[in-house]
Amino acid sequence: EHPLTFFGPLCCCGSRPGRSMVFFFTGRDPRYLMYMGADKEENEHLIRWGWPEDVWFHVDKHSSAHVYIRLLEGQTTLDDIPEEVIEDCAQMTKLNSIEGCKLNDVQIVYTMWSNLKKTGDMNTGQVGFHNRSGCRFTQVKRRRNEITNLLNKTKREEFPDLQQLREARDRAEIQVRKKVAAVQRLGDKAQRLESDKEKDIKNYTGVFEDEKMQSNSVILEKLKLTGKSDVQACRDMEDDFM
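Numbers 432 to 673, taken from this note's numbering, label the letters of the sequence shown in order.
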């Protein structure tokens, strides 16, 4: 089950307070989650509560549905998206455009969700870009019914709480970052200890401790007190040193 998918009983009006009507689709590459809002009101919720991993599609210079896909784990850029996934999204976007669905050679714009710009003076469902250079374009010469029919057969209507899901995603990300930081700190500590140990070895730290140091004459006197001759005491002292 994908984290954006909601299953459960709906209230009598067909939705729940705080939830948005979202259409989900399964394309030719089922690993990717494809979805779009039911109308411009729902598009507002998707714009506000999108994920950094989301990619937004729209017919360029025409009104259309806002179609999204979610990048897979480990993917971070538009270059990571397979061509057939881009084509599936572009075909679905064209199909759900009043003007675009009637035209050939329709240009589709797509960009990361984080590049979408929403200001207070914009109409409901309207959006701009923080950086136009962060957008990509793909051309749809004509509608391919074999693709759009496949997508529509997988269409399902659900009512996820977009805000709750985004907040849960952010909490999970924070926990992962904390764990990574903790592991990093342990690694740094182990590295420092190993480095200090190597320095001690090079500097003979701990080898010559003042409280344990004795002159040869002192050691010789101690051995002579055991009753050994000077010659034997010297030999024992040499053996201890070796």
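Beta carbons are placed, not taken as given, at the ideal position from N, Cα and C, and that holds for glycine.
Discussion item. My assumption, with CB atoms under 8 angstroms, is that Leu582 sits in contact with Gly458. Please give the rounded CB distance.
Written reply: 6 angstroms
Item to complete: Can you tell me which of the three DSSP states Asp485 falls into?
Response: strand
Fill in: Any beta strand (DSSP E) of 3 or more consecutive residues that is wholly inside the stretch 517-594
537-543, 567-571, 587-589
Item to complete: Consult DSSP for Ile478 and reduce its assignment to one of helix, strand or coil.
Response: helix
Worksheet entry | Where the beta strand (DSSP E) containing Gly468 begins and where it ends | 464-468
Worksheet item: For Arg608, which three-state DSSP category applies?
Response: helix
Worksheet item: My guess is that His489 and His476 are in contact by the Cβ rule of under 8 angstroms, so how many angstroms apart are they, rounded?
Response: Contact flag wrong, Cβ pair sits at about 16 angstroms.
Worksheet entry | Where Arg501 falls: helix, strand or coil (DSSP) | strand
Worksheet item: If we call anything under 8 angstroms between Cβ atoms a contact, is Trp544 one with Asp485?
Response: yes
Discussion item. Let me check one thing: in DSSP terms, what residues is Val490 bridge-paired to?
Written reply: Ile539
Fill in: Close beta carbons around Glu530, own chain, < 6 angstroms, minus the five adjacent residues each side
His493
Worksheet item: Just checking my contact of Ile512 with Leu464 at CB under 8 angstroms: how many whole Å lie between their CB atoms?
Response: Incorrect: roughly 13 angstroms between the Cβ atoms, too far for contact.
Worksheet item: Exposed or buried, which one is Ala521 when buried takes at least 16 other CB atoms within 10 Å?
Response: buried
Worksheet entry | 8 angstroms contact criterion, which Asp460 and Val516 should meet: CB distance rounded | 5 angstroms
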